[in-house]
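All remarks here apply to the structure that follows.
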Amino acid sequence: MLNMVSDQKFPSCPAVDQEVELIKSEVRSVLKKVFELGNGDVARGTVLAFEAGVLDVPFAPAACNAGKILPVRDNTGAIRVLEAGAVPLPQDILALHHDYVAERAHVEGRKPSFQMVVDDINAVSHSKLIGRP
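Note that the sequence shown covers residues 19 to 151 in the working numbering.
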């Protein structure tokens, strides 16, 4: 189990602060759409957001879940968005995720693809964090 973090670098505080701000911005974008869909009613908005794929959980087997968003690890082991599906993330945030994934792909000598997602999933069974080829 301890090997799972062997590839992950623990960033300095400014890098952690940047990740926190990124996550907050992502959450604000999604919640804004949830409230919009529900006309201010968060419960109704949540149901409608799942129906629209605005709220989406990767690999969840629930029938109400679209399953279109695909996570992938970046070169440091942080989780990034490979495919957003209908989750309403701003273009600048999607571009940032794209850049992080592209950096990993470059280091590994391959193109960003679903195979990276599969490799990351399989890596866990080998007590690794990132699925390197």
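All C-beta atoms, glycine included, are put in the ideal place defined by N, C-alpha and C. It should be emphasised that the depicted structure is a prediction, and the values quoted were computed from it without experimental measurement.
| Asked | Found |
| --- | --- |
| If the criterion is Cβ atoms closer than 8 Å, does the pair V72 and I87 meet it? | no |
| Evaluate D117 with the Cβ neighbour count: other Cβ atoms within 10 Å of its Cβ, from every protein chain shown; 16 or more gives buried, anything less gives exposed. | exposed |
| Quick one: residues in its chain with C-beta nearer than 8 Å to the C-beta of S43, no 5 flanking neighbours on either side, listed in chain order? | P108 and I111 |
| Quick one: Cα of N83 to Cα of V48, how far? | 15 Å |
| So what's I111 in DSSP terms, helix, strand or just coil? | helix |
| Can you find the residues in the same chain that come closer than 6 Å, C-beta to C-beta, to F132, ignoring five residues on each side of it along the sequence? | none |
| G85 to R62, Cα distance in whole Å? | 20 Å |
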